[in-house]
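>
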Amino acid sequence: MRKLLAFFEPIFTTVSLVLYSGGVLTVILSGGRSEGDVIQEFDSSLSRLLFVLIYLVTFFLLALRWKKVLYVLSKDRWLSLLVGIAVISVFWSSEPTTTINRAVALIGTTLFGVYLASRYTIKEQLEMLGWAFGVAILLSFMFIVALPKYGIMGGVHAGTWRGIYVHKNVLGKVMVPSAVVFLLLAIRGKKNNLLFWGGFGFSVILLLFTTSKTALVSLIIMLLSLYLYRMLRWRYDLLIPTIFAMTTFGGSVLIWLLDNADALLGAIGKDATLTGRTELWPL
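Quick note: the sequence shown uses this note's numbering, first residue 1, plus one each step.
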């Protein structure tokens, strides 16, 4: 039984993480439609069935180690409280049917998170994320090259990459944590470093070809935050002058950005609202 679980659980976890990221199913079930195409309803029953199956398997795996699960839940009771509030909100919801469906999904997703926390160490969780993002990257390139109807957007975003996701911005959003995870794996260990750096590089390539500016800015912020975190672990004789230098440089850059905000936003196709939406009531 233990050998079977040791073989099955990593596969289940990887596949589930890819599906939870929004990969594969939605873009296929939609027929590869893009933003700007004629909107048509599509049958999502297969997607719902798969997630119900994930919830059931998750519950079974949690039951196998129920003592550890109770310990994990006892360490963060606020999580249970928040989920409980979301569930009972059905009683005052204007759309109770929709709320019930979302509550079931929230409970199932939360249980999967509890499963990850109780089954894997932090190091193992990082590795499982690496496997999931690796699968997403590989499948995305396969869709882009072999199935461009699905992997490359048409409509108003024609030519941009979306891989196994329904929209380019979703691919960009997923590739941000993917790049960070692979970078952490590459920095952390000596084994498979080339593979991890490759995962980081391919994550950045996919992100760039989505042309998602929000994802690009998010990645830059994440990388700077990671560098800052590592910098704070330096010796004081290096840390203090570095902080002063970065503060001075950062302040100068901020002033320059504020003075040239409109021109910079225009260069990436944005305006001061970031969304292009018109203000109805100026403040």
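Backbone N, C-alpha and C fix where the C-beta goes; we use that ideal spot for every residue, glycine too.
Since this is a predicted model, take the numbers as computed values, not measurements.
Could you have a look at residue 197 and say whether DSSP puts it in helix, strand or coil?
Reduced to three states, the DSSP call for residue 197 is helix.
> Could you compute how far the alpha carbon of residue 130 sits from the alpha carbon of residue 23?
The alpha-carbon atoms of residue 130 and residue 23 are separated by roughly 15 angstroms.
> Give me the Cα-Cα distance between residue 147 and residue 166, rounded to the nearest whole angstrom.
Cα to Cα, residue 147 sits roughly 13 angstroms from residue 166.
> Tell me the DSSP secondary structure of residue 164 in three-state form.
Correct three-state label for residue 164: coil.
> In chain order, what residues of the same chain lie with their CB nearer than 7 angstroms to the CB of residue 124, ignoring the 5 residues before and after it?
No residues qualify anywhere along the chain.
> On the CB-based measure, 16 or more other CB atoms within 10 Å of its CB, does residue 231 come out buried or exposed?
Under this definition residue 231 is an exposed residue.
> Let's see if you can read the secondary structure: which residues bound the alpha helix (DSSP H) around residue 78?
First-last of the alpha helix (DSSP H) with residue 78: 77-88.
> Any idea which residues DSSP pairs residue 152 with across the strands?
For residue 152, which the question treats as bridged, DSSP gives the partners 161.
> Can you give me the C-alpha to C-alpha distance between residue 47 and residue 173, rounded to a whole angstrom?
The straight-line gap from Cα to Cα measures roughly 21 angstroms.
> Residues in the same chain with beta-carbon distance under 7 angstroms from residue 204, minus the five sequence neighbours each way, listed in chain order, please.
Once the five neighbours on either side are set aside, the close Cβ partners of residue 204 are 179.
> Taking a contact to mean a Cβ-Cβ separation below 7 angstroms, would you say residue 117 touches residue 72 in this structure?
Yes, Cβ-Cβ distance for residue 117 and residue 72 is below 7 angstroms.
> Given a cut-off of 7 angstroms, decide if residue 134 and residue 199 are closer than it, judged by their beta-carbon atoms.
Yes, these two residues count as a Cβ contact at 7 angstroms.
> Quick check: the Cα distance between residue 206 and residue 68, rounded to an integer number of angstroms?
Their backbone Cα atoms lie some 39 angstroms apart in a straight line.
> Using the beta-carbon count (16 or more within 10 Å), is residue 215 buried or exposed?
With 16 or more Cβ atoms within 10 Å of its Cβ, residue 215 is classed as buried.
> Which residues mark the beginning and the end of the alpha helix (DSSP H) in which residue 31 is found?
It is not in any alpha helix (DSSP H) - residue 31 carries neither H nor E in the DSSP assignment.
> For a test of the three-state rule: what should DSSP assign to residue 126, helix, strand or coil?
Helix, per DSSP.
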